[in-house]
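Take a look at the structure below.
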Amino acid sequence: MICGPTAAGKTYAAVWFARLAALSVVSADSRQIYRGFDIGTAKPTHREQLAVPHFGIDVLDPTERASAAWWAGHADAWIDQIVASGRTPVVVGGTGLYLRALFGTLFEEPAMHAGDRAAIQASLADHSTEELRRWVSVLDPDRAHLGRTQLLRAIEIALLTGHRVSDLHREHARPPRRRARYLVVDPGPDLAIQIASRSSFMLTNGWLDEVRTLMREIPEDAPAWNASGYRTIREMVRGNISAAQAEERIVIETRQYAKRQRTWFRHQLAGEDVTRANPHQPNWEEQAMAWWNEGARTE
RNA sequence: GGCGCCGUGGCCAAGUGGUAAGGCGGCAGACUGCAAAUCUGCUAUUCGUCGGUUCGAUUCCGACCGGCGCCU
2 MICGPTAAGK TYAAVWFARL AALSVVSADS RQIYRGFDIG TAKPTHREQL
52 AVPHFGIDVL DPTERASAAW WAGHADAWID QIVASGRTPV VVGGTGLYLR
102 ALFGTLFEEP AMHAGDRAAI QASLADHSTE ELRRWVSVLD PDRAHLGRTQ
152 LLRAIEIALL TGHRVSDLHR EHARPPRRRA RYLVVDPGPD LAIQIASRSS
202 FMLTNGWLDE VRTLMREIPE DAPAWNASGY RTIREMVRGN ISAAQAEERI
252 VIETRQYAKR QRTWFRHQLA GEDVTRANPH QPNWEEQAMA WWNEGARTE
């Protein structure tokens, strides 16, 4: 498992390891799953995908909604497939929740009628987050401090199953599907510089054209649009903001996202088998090799 | 040179004679089926500088410095 914040060079790291063994990459990235959203999501290039087989990229239509459990189910199958082909699976990515769904304890969701779910979500859509929070503080107080997404989930579960999500988490936790050793790749303070240059590169290498095309083909409210930068580019294409404003905005969005990833990997991975390495440090190769060799002994 | 307007934290910006709203950014955190999402906390002992009036000034007065505009 290789993870780290955006623009940290995870793909680079994966390709680096590929020279050590025949491996295949499973992308744990909630945005690279969408077809057509290529440049802004920094999908591995064709060259990279030829060098190392990739799974989990371009597997969903932009209008389809993914979920951590959905992804974990597929990832589980991809890993079986990779192992059967005699290669070593390396999960690479930045979507913390997906990693948890695969390597951690996602709970066993009770059966819920899809129509009922949709009806509840629709009826909840107009209520303010504050209001939802008040409801959850009664229905499931342990979850009331979380964000809107989590509040909606808590209400949905409570209404449809009569249980608190927090209880289900405890009582219906299912064992992890897989075990992993983590290599957290993080260039430290240099990350901000990398984010700036990566944003600039994307903007001058077809991102705008990609968005123009997507705007013609993909509904405005499709889940795939929910990727940092894309809405901003859309505003730029519409002429609401200047190119300079867009670029500044994108750099900030990306930095903020990378910061959230760092927080996640710092705290949510606590207790796991984690090695941290900086690809810019001179001892990067030693650290990487040590991580790799340790795996060879234990697996 | 004269007249007018303005000068509040990294940026934008409210404000009042009684002791500094808000937004952005930044930092820290949360996170179990929308996660590149969603949400929480913290972030100016101080209002261009120096004086004056006042019990008390960021708020009133004066000078100076800086910016903008107009006039000559």
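Yeah, the first sequence ends on 300 if you go by the working numbering, and it's all consecutive. Just so it is clear, CB atoms sit at the ideal spot from N, CA and C, and this is done for glycine as well.
So, residue i versus residue j, is the Cβ gap smaller than 8 Å?
i: arginine 261; j: isoleucine 196; result: no
i: alanine 69; j: leucine 184; result: no
i: histidine 173; j: phenylalanine 108; result: yes
i: serine 25; j: arginine 88; result: yes
i: valine 166; j: alanine 155; result: yes
i: proline 190; j: alanine 9; result: no
i: threonine 64; j: proline 220; result: yes
i: isoleucine 158; j: leucine 169; result: yes
i: leucine 306; j: aspartate 117; result: The requested residue 306 is not part of the displayed model; the chain covers only 2 to 300.
i: threonine 106; j: arginine 175; result: yes
i: valine 137; j: lysine 11; result: no
i: tryptophan 17; j: alanine 289; result: yes
Between residue i and residue j, which are expected to be in contact by the criterion C-beta below 8 Å, what is the C-beta distance as a whole number of angstroms?
i: alanine 182; j: glycine 296; result: The residue you asked about is not alanine; residue 182 is arginine in the sequence shown. Contact flag correct, Cβ pair sits at about 6 Å.
i: serine 200; j: isoleucine 242; result: Wrong, their Cβ atoms sit about 15 Å apart, outside the cutoff.
i: arginine 48; j: proline 224; result: Not quite, the Cβ-Cβ distance comes to about 29 Å (not below 8 Å), so this is no contact.
i: arginine 180; j: phenylalanine 104; result: 7 Å
Can you name the residues that DSSP bridges to residue i?
i: arginine 32; result: Per DSSP, none; premise fails for arginine 32.
i: glycine 94; result: Cys4, Ala29
i: threonine 130; result: Paired residue(s): none; threonine 130 is not in a bridge.
i: valine 185; result: Cys4, Arg277
i: histidine 55; result: Val26
i: alanine 174; result: Phe108
i: leucine 61; result: Tyr35
i: threonine 89; result: Leu24
With a 10 Å radius around its C-beta and 16 neighbouring C-beta atoms as the bar for buried, classify residue i as buried or exposed.
i: isoleucine 194; result: exposed
i: glutamate 300; result: Since pLDDT at glutamate 300 reaches only 48, below the 50 mark, its modelled position is unreliable, and the value read off the structure follows with that caveat. Answer is exposed; the Cβ neighbour count stays below 16.
i: glycine 97; result: buried
i: tyrosine 13; result: exposed
i: glycine 5; result: buried
i: glycine 57; result: buried
i: methionine 237; result: buried
i: alanine 102; result: buried
i: proline 45; result: buried
i: glutamine 33; result: buried
i: serine 31; result: buried
i: arginine 144; result: buried
i: valine 84; result: exposed
i: glutamate 248; result: buried
i: alanine 19; result: buried
i: alanine 73; result: buried
i: aspartate 141; result: buried
Leaving aside the five residues before and after residue i along the sequence, list all residues of the same chain whose C-beta is less than 8 Å from its C-beta, in chain order.
i: glutamate 254; result: Ser229, Gly230, Thr233
i: tryptophan 292; result: Arg182, Leu184, Thr276, Ala278
i: leucine 153; result: Gln122, Leu125, Leu133
i: histidine 281; result: Pro188, Gly189, Asp191
i: glycine 163; result: none
For residue i, is the beta carbon positioned less than 7 Å from some heavy atom of the ligand ZN?
i: valine 252; result: The ligand content of the structure shown is nil, which means the ligand ZN is not present either.
Going by beta carbon distance, what residues of the same chain come within less than 7 Å of residue i, once the five residues before and after it are set aside?
i: methionine 203; result: Ile40, Gly41
i: aspartate 62; result: Arg36
i: alanine 15; result: Ile3, Val26, Val53, Val91, Val93
i: alanine 78; result: none
i: histidine 128; result: none
i: arginine 235; result: Val212, Met216
i: alanine 259; result: Pro6, Thr7, Ala8, Leu192, Ile196
i: alanine 244; result: Met237
Excluding five sequence neighbours on each side, which residues of the same chain lie with their C-beta closer than 6 Å to the C-beta of residue i?
i: alanine 23; result: Arg88
i: valine 60; result: Ile34
i: glutamate 211; result: Ile40
i: arginine 149; result: Thr130
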